[in-house]
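In our numbering, the protein residues as written are 59 to 149.
See below for the structure under consideration.
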């Protein structure tokens, strides 16, 4: 989905147009070229809220597990016991 982007000054100056266009598709507002907010229709906002509220705890945990798997470093060696680095000499 390609969303229209507005810099903050233009969004403020043309706010009526921003909210009118938000009824059709989300409108991104940027500051210094970076996205800082999105203006969406009230209907889209409610649909998003209901979607997130209807998810079970199990579904959220499954998402976390998936994200964890995606972020895991497959090249990380398995940890092994290091033993006593000082040996018996320090006692």
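Every residue gets a Cβ at the ideal spot worked out from N, C-alpha and C, and that includes glycine.
Quick caveat, the model's predicted, so the values are computed rather than measured.
Have a look at the DSSP bridge pairing and note the partners of residue 93.
For residue 93, which the question treats as bridged, DSSP gives the partners 88.
When you compare the CB positions of residue 81 and residue 99, do they come within less than 7 Å of one another, or not?
Yes, Cβ-Cβ distance for residue 81 and residue 99 is below 7 Å.
Along the chain, where does the beta strand (DSSP E) that runs through residue 63 open and close?
Element bounds for residue 63: 62-65.
Do residue 87 and residue 78 have their CB atoms nearer than 7 Å?
No, Cβ-Cβ distance for residue 87 and residue 78 is not below 7 Å.
Quick one: is residue 97 buried, meaning 16 or more other Cβ sit within 10 Å of its Cβ, or exposed?
Label assigned to residue 97: buried.
Whose CA, out of 105, 109 and 91, lies closest to the CA of residue 67?
The shortest C-alpha separation from residue 67 is found at 91.
Ignore the nearest five residues each way along the sequence and tell me which others in residue 69's own chain have a CB closer than 7 Å to its CB.
Here the set comprises 76 and 87.
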